Amino acid sequence: MNGQDLYEGLRFVDPALLEEAAEPVKRPKRRRYLPLAACLCLLLAGTAGAVLHSVEIRMLDVEHLEDYQDAPGMKKTIENRSADQAYQAAAQVEITPLASLSQQAREDAAAGRRSHEFDSWEEATDYLGIDLPGPDGPTDLHFKLEEGQISEIRLSVHKKYEGEWHAGIGVTAYLYTEYYSGEPGQFVLFYGDFEDAQAEEVSLSNGDTAQLIPVFSSNGSGTVTGYLSRGQGFYAVSAVCQEEYEQQVTEEVVRLLNSI
259 MNGQDLYEGL RFVDPALLEE AAEPVKRPKR RRYLPLAACL CLLLAGTAGA
309 VLHSVEIRML DVEHLEDYQD APGMKKTIEN RSADQAYQAA AQVEITPLAS
359 LSQQAREDAA AGRRSHEFDS WEEATDYLGI DLPGPDGPTD LHFKLEEGQI
409 SEIRLSVHKK YEGEWHAGIG VTAYLYTEYY SGEPGQFVLF YGDFEDAQAE
459 EVSLSNGDTA QLIPVFSSNG SGTVTGYLSR GQGFYAVSAV CQEEYEQQVT
509 EEVVRLLNSI
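Those letters in the sequence shown? Residues 259 to 518, by our numbering.
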């Protein structure tokens with residue numbers, strides 16, 4: 259599997275993380291590479307509904323993934339090959355009414371301008387005309403349309419860590435309008451020899467609860483992902499790293515969740 263194959267498989271992790279996964283891991287004395295032998299496929303699904311802010315992790319039976327083929331992005335993947343493992347991060351968030359978005363954002367989306375880059379998170383949310391907490395750093399924004407209207411908004415910031423431990427961490431927030439179909443959250447499908455995914459509930463400093471899922475393959479590469487629902491936003495903080503740095507990376511993922 260080459261870097262492009264992994265890019266096609268990893269639809270949730272920030273593309274910059276995938277580029278790093280194909281680069282050599284920097285060490286003082288020797289070089290190691292993040293193996294690309296196993297493929298992890300992340301697919302999004304959602305609509306807005308309830309206002310109770312929580313994330314539920316549901317382990318799925320890979321023998322019956324056809325039950326979820328109507329979820330956005332799932333049907334083609336299920337038809338192509340069977341997953342070795344799967345779970346759903348089901349989020350409960352407040353709807354973002356389409357009318358609450360800025361006229362500029364709605365006009366740009368209607369004109370086909372669905373991707374934007376901003377120097378900061380604040381600049382991106384000002385453009386949208388909303389108040390949404392997020393991390394510092396250059397921010398990418400992407401619209402998804404259904405029925406010709408904005409149904410999902412994705413904002414993402416990528417952070418790269420060098421030094422003693424090497425990892426890339428993406429912080430992504432999803433907003434859902436009344437046009438988004440399905441259930442809010444995310445379907446996560448694994449292809450390859452990954453350990454069983456197990457969720458851990460984490461209490462944040464402000465009293466909110468997040469879900470944390472570390473998953474590593476037999477060759478030592480993997481991800482640590484934290485999920486949080488707050489207000490209108492469904493947040494995913496996902497790190498690509500080597501298993502030997504799981505503790506340090508997990509601490510940073512939790513720190514980023516606390517900073518939102």
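For glycine and all other residues, C-beta sits at the position ideal for the given N, C-alpha and C. The model shown is predicted, which means the values in this text are computed figures rather than measured ones.
Hey, residue i and residue j are a contact pair by Cβ (cut 8 Å); roughly how many whole angstroms apart?
i	j	result
glycine 489	glutamate 352	6 Å
tyrosine 210	serine 360	The requested residue 210 is not part of the displayed model; the chain covers only 259 to 518.
aspartate 398	serine 378	In fact, because the Cβ distance is near 12 Å, the residues do not count as touching under 8 Å.
alanine 369	glycine 440	Their Cβ separation, rounded to whole angstroms, is 26 Å, which puts alanine 369 and glycine 440 out of contact at 8 Å.
Kindly indicate which three-state DSSP category residue i falls into: helix, strand or coil?
i	result
valine 507	helix
alanine 363	helix
leucine 323	helix
aspartate 263	Only weak support is given to the placement of aspartate 263: the predicted model assigns it a pLDDT of 34, under 50, and the question is left unresolved by the model.
alanine 341	coil
valine 351	coil
alanine 382	helix
leucine 462	coil
serine 439	coil
glutamate 405	coil
arginine 412	strand
leucine 569	The question about residue 569 has no answer here: the residues shown for the chain are numbered 259 through 518.
leucine 318	coil
serine 358	helix
arginine 488	strand
alanine 468	strand
serine 476	coil
Residues in its own chain within less than 6 Å of residue i by CB, not counting five upstream and five downstream?
i	result
glycine 478	Gln500 and Glu501
tyrosine 437	Glu404, Glu405, Gln407 and Ser409
Are the beta-carbon atoms belonging to residue i and residue j less than 8 Å from one another?
i	j	result
glycine 448	alanine 341	Strictly speaking, residue 448 in this sequence is phenylalanine, with glycine absent from that position. Taking 8 Å as the Cβ cut-off, phenylalanine 448 and alanine 341 qualify as a contacting pair.
glutamate 453	leucine 470	no
isoleucine 518	proline 391	yes
valine 320	glutamine 350	no
isoleucine 388	threonine 354	yes
glycine 480	tyrosine 432	no
alanine 348	glutamate 324	no
glutamine 362	tryptophan 423	no
Looking only at its own chain, which residues have a Cβ that is under 8 Å from the Cβ of residue i, when we skip the five neighbours before and after it?
i	result
leucine 515	Val460, Leu462, Ala468, Gly484, Leu486, Tyr493 and Val495
leucine 356	Arg364, Gln407, Ile408, Thr435, Glu436 and Tyr437
glutamate 381	Thr397
serine 312	Ala349, Gln350, Thr467 and Ser487
glutamate 375	Pro396, Thr397, Asp398 and Leu399
In angstroms, rounded to a whole number, what distance separates the CA positions of residue i and residue j?
i	j	result
glycine 426	tyrosine 419	6 Å
glutamine 346	valine 446	6 Å
serine 414	alanine 497	13 Å
valine 482	arginine 371	32 Å
glutamate 510	serine 358	33 Å
phenylalanine 401	lysine 417	22 Å
threonine 508	aspartate 366	37 Å
serine 373	isoleucine 411	10 Å
methionine 317	proline 472	14 Å
serine 476	aspartate 451	6 Å
arginine 513	glycine 465	14 Å
glutamine 456	tyrosine 503	18 Å
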